[in-house]
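Notes for the one structure printed next.
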Amino acid sequence: MHELGLTETIVAIALDHAQGAHVLRLTLEVGQLTAVMPDAIRFCFDVCAQGTLLEGALLEIVQPPGLGQCRACGATLSLDSPFGQCACGSVDLAIIQGQELTIKQLELEELCV
Amino acid sequence: MCVTCGCSDEATPTLTHPITGKTEAIASLHTPQSHTHIQPDGTVLTHHHSHDHSPSHHPDHAAALHAQHHGTTLTLEQRLLSKNDAIASQNRGWLKGRESVALNLVSSPGAGKTTLLVRTLEDLQSDRPMVVIEGDQATSHDADRIQATGCAAIQVNTGTGCHLDAAMVEQGLDTLHPPLGSLVWIENVGNLVCPALFDLGETAKVVILSVTEGEDKPIKYPHMFRASQVMVLTKIDLLPYVAFDVDRCLDYARQVNPHLICFQLSATTGAGLEDWYAWLQQLHA
Ligand SMILES: Nc1nc2c(ncn2[C@@H]2O[C@H](COP(=O)(O)OP(=O)(O)O)[C@@H](O)[C@H]2O)c(=O)[nH]1
Ligand SMILES: [Mg+2]
Ligand SMILES: [Zn+2]
Ligand SMILES: [Zn+2]
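So the protein sequences, as listed, match chains P and B.
Just so you know, the first sequence maps onto residues 17 to 129 in the working numbering.
Just so you know, the second sequence maps onto residues 264 to 548 in the working numbering.
Shown next as structure tokens:
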């Protein structure tokens, strides 16, 4: 399950940037065409966040839908799998959205008020 | 209602019945701590608390969370695989500097990676220096099989990890120190999902599919077939005994990846190996 390794990476990157503050919210972007399952990330997050500054954080996952661009005619089309066929008949598509795997934002508790 | 965006539109995971086509919600997965919104452009947004934090447990923290007081937002936009990809680029540069190429062999377990590798080493070893990085979750059986051919090999055991990553290959290269002009073989862990995500610095990914697996593998595991530049359809000596439609398989493969270079061969009888060898011989850094 690669989601465990990815979640460890997510927690490590977040802790790196948190600089000792509690993390209130973590926003991830996981494109709908990646082979990464948000449910598995969530499950692993519970385990990996335990005992860290991320414990209790709100995990927000944004899943951009798949979008392809035809290399033959340039048209864009929506994709629900990482392949498809353009209206012009071509299957030669560049995936332009839906493969994101990014930590977008952290919301940190302010230490001094 | 959602604290972050104030939206109350909730969507749930669904189950679609294969025969009736009827779709129903999976209620059990819709826990109170987690909910989903679908935006007009199709973007799905889910919120989830990392564990039960009722007000009695962690009262201050939970209160801060729900009221959204004192929050500082830090925008990172950091790709999760950026560290792996940076090491992969280093590997690629290192290989190029040594005028070497690397092939990353991926497949389901038992498709025939090691058998093809052993056969290829036996036949081509005199033409060109070759070394092997063997990935497996446990045991060094495959590295032993490779070393029996006289080729330098090291075994990387990934434990519970389901793929090799670029750092493991970096270590492997450091240890093996392949001579100038080498062909470096990397046998990945048997798995058609995870290795697609991880760039190792290879020249090409080669996906190996055996005729005992069913011809629809390319559309069942499209990520892997898209990430690969080459497909080897192996065990073709078994075609008389299995219902496997080769043309259909190739159609599926090219539907997923129209640029895929395809070979058909048997590592045990040797049928079809010439084309595979011809392709390997023209590979240069
Ligand atoms: N009939 C036949 N069997 C093969 C062929 N290639 C591999 N095998 C058998 O398939 C099994 C798994 O092969 P192996 O190379 O260990 O697969 P790996 O897990 O992908 O490395 C072994 O029993 C091999 O003897 C082939 O071309 N034809
Ligand atoms: Mg093997
Ligand atoms: Zn995995
Ligand atoms: Zn088109």
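Quick reminder that beta carbons are idealized off the backbone N, C-alpha and C, glycines included.
Buried versus exposed, by CB contacts within 10 Å (16 or more), residue i
{"i": "residue 515 of chain B", "result": "buried"}
{"i": "residue 349 of chain B", "result": "exposed"}
{"i": "residue 123 of chain P", "result": "buried"}
{"i": "residue 473 of chain B", "result": "buried"}
{"i": "residue 440 of chain B", "result": "exposed"}
{"i": "residue 397 of chain B", "result": "buried"}
{"i": "residue 504 of chain B", "result": "exposed"}
{"i": "residue 483 of chain B", "result": "exposed"}
{"i": "residue 435 of chain B", "result": "buried"}
{"i": "residue 309 of chain B", "result": "buried"}
{"i": "residue 35 of chain P", "result": "exposed"}
{"i": "residue 370 of chain B", "result": "buried"}
Whole-angstrom C-beta distance between residue j and residue i, which should lie under 8 Å
{"i": "residue 50 of chain P", "j": "residue 117 of chain P", "result": "6 Å"}
{"i": "residue 52 of chain P", "j": "residue 22 of chain P", "result": "7 Å"}
{"i": "residue 497 of chain B", "j": "residue 406 of chain B", "result": "Contact flag wrong, Cβ pair sits at about 21 Å."}
{"i": "residue 535 of chain B", "j": "residue 81 of chain P", "result": "Not confirmed; about 41 Å, so no contact."}
{"i": "residue 65 of chain P", "j": "residue 87 of chain P", "result": "Actually they do not touch by this definition, with Cβ atoms about 41 Å apart."}
{"i": "residue 541 of chain B", "j": "residue 378 of chain B", "result": "About 20 Å; that fails the 8 Å criterion."}
{"i": "residue 67 of chain P", "j": "residue 113 of chain P", "result": "Going by Cβ atoms, the distance from residue 67 of chain P to residue 113 of chain P rounds to 36 Å, so no, they are not a contact pair."}
{"i": "residue 528 of chain B", "j": "residue 466 of chain B", "result": "Not quite, the Cβ-Cβ distance comes to about 20 Å (not below 8 Å), so this is no contact."}
{"i": "residue 364 of chain B", "j": "residue 446 of chain B", "result": "6 Å"}
{"i": "residue 471 of chain B", "j": "residue 376 of chain B", "result": "5 Å"}
CA nearest to the CA of residue i, picked from the options
{"i": "residue 481 of chain B", "options": "B:525, B:443, B:394", "result": "B:525"}
{"i": "residue 448 of chain B", "options": "B:424, B:479, B:476, B:409", "result": "B:409"}
{"i": "residue 75 of chain P", "options": "P:54, P:56, P:42", "result": "P:42"}
{"i": "residue 492 of chain B", "options": "B:431, B:433, B:469, B:477", "result": "B:469"}
{"i": "residue 456 of chain B", "options": "B:310, B:403, B:424, B:434", "result": "B:424"}
{"i": "residue 522 of chain B", "options": "B:437, B:347, B:494, B:400", "result": "B:494"}
{"i": "residue 392 of chain B", "options": "B:356, B:415, B:402", "result": "B:415"}
{"i": "residue 517 of chain B", "options": "P:35, P:107, P:56", "result": "P:107"}
{"i": "residue 103 of chain P", "options": "P:85, P:115, P:113, P:119", "result": "P:85"}
{"i": "residue 71 of chain P", "options": "P:19, P:105, P:114, P:30", "result": "P:30"}
{"i": "residue 367 of chain B", "options": "B:529, B:432, B:519, B:422", "result": "B:432"}
{"i": "residue 337 of chain B", "options": "P:33, P:18, P:27", "result": "P:33"}
{"i": "residue 303 of chain B", "options": "P:79, P:19, P:18", "result": "P:79"}
{"i": "residue 98 of chain P", "options": "P:90, P:115, P:56, P:91", "result": "P:115"}
{"i": "residue 478 of chain B", "options": "B:427, B:388, B:510", "result": "B:510"}
{"i": "residue 537 of chain B", "options": "B:360, B:356, B:365, B:387", "result": "B:387"}
{"i": "residue 385 of chain B", "options": "B:300, B:413, B:299, B:340", "result": "B:413"}
{"i": "residue 334 of chain B", "options": "P:56, P:121, P:100, P:54", "result": "P:121"}
{"i": "residue 357 of chain B", "options": "B:437, B:402, B:450, B:471", "result": "B:437"}
{"i": "residue 539 of chain B", "options": "B:512, B:442, B:380", "result": "B:380"}
Own chain partners of residue i with C-beta closer than 7 Å, once the 5 adjacent residues on each side are dropped
{"i": "residue 351 of chain B", "result": "429, 462, 463, 464"}
{"i": "residue 459 of chain B", "result": "486, 487, 490"}
{"i": "residue 372 of chain B", "result": "453"}
{"i": "residue 20 of chain P", "result": "60"}
{"i": "residue 307 of chain B", "result": "299, 301"}
Other residues of its chain near residue i: CB distance less than 8 Å, five sequence neighbours each side excluded
{"i": "residue 532 of chain B", "result": "500"}
{"i": "residue 125 of chain P", "result": "37, 38, 39, 40"}
{"i": "residue 475 of chain B", "result": "498, 501, 505, 507"}
{"i": "residue 342 of chain B", "result": "348"}
{"i": "residue 400 of chain B", "result": "420, 421, 422, 423, 424, 425, 452"}
{"i": "residue 92 of chain P", "result": "83, 84, 85, 86, 112"}
Own chain partners of residue i with C-beta closer than 6 Å, once the 5 adjacent residues on each side are dropped
{"i": "residue 444 of chain B", "result": "362"}
{"i": "residue 24 of chain P", "result": "64"}
{"i": "residue 543 of chain B", "result": "none"}
{"i": "residue 382 of chain B", "result": "530"}
{"i": "residue 89 of chain P", "result": "104"}
{"i": "residue 355 of chain B", "result": "464"}
{"i": "residue 520 of chain B", "result": "488, 489"}
{"i": "residue 45 of chain P", "result": "78, 116, 118, 120"}
{"i": "residue 54 of chain P", "result": "46, 77"}
The stretch 508-532 of chain B: positions lying closer than 7 Å to chain P by Cβ: So the close ones are 518, 519, 521.
Chain-ordered residues of the stretch 331-350 of chain B with a beta carbon less than 7 Å from chain P: Per Cβ criterion, the list reads 333, 334, 335, 336, 337, 338, 339, 340, 341, 342, 343, 344.
Under 8 Å (Cβ pairs) to chain P, residues found in the stretch 482-501 of chain B: Against chain P - using a Cβ distance shorter than 8 Å - the residues of the stretch 482-501 of chain B are 482, 485, 486, 489.
Members of the stretch 18-34 of chain P near chain B, C-beta cut-off 7 Å: Listed by position along the chain: 18, 21, 22, 25, 26, 29, 33.
Chain B contacts made by the stretch 81-102 of chain P, where a contact means CB separation under 8 Å: Of all residues in the stretch 81-102 of chain P, 81, 94, 97, 98, 99, 101 have a Cβ within less than 8 Å of some Cβ in chain B.
Members of the stretch 102-128 of chain P near chain B, C-beta cut-off 7 Å: So the list reads 107, 108, 117, 118, 119, 120, 121, 122, 123, 124, 125, 126, given in the order they occur along the chain.
Residues in the stretch 449-461 of chain B having any Cβ partner in chain P nearer than 7 Å: Correct list: 456, 457, 459, 460.
Interface residues of the stretch 418-431 of chain B facing chain P [CB-CB below 9 Å]: For the stretch 418-431 of chain B, residues whose beta-carbon sits nearer than 9 Å to a beta-carbon of chain P comprise 423, 424, 425, 426, 428.
Short-range partners of chain B found in the stretch 60-84 of chain P, where Cβ spacing is below 8 Å: Result list: 61, 62, 65, 66, 70, 71, 72, 73, 74, 75, 76, 77, 78, 79, 80, 81.
Within 9 Å of chain P by C-beta, residues of the stretch 460-480 of chain B in sequence order: Going along the stretch 460-480 of chain B in chain order, one finds 460, 461 with a Cβ nearer than 9 Å to chain P.
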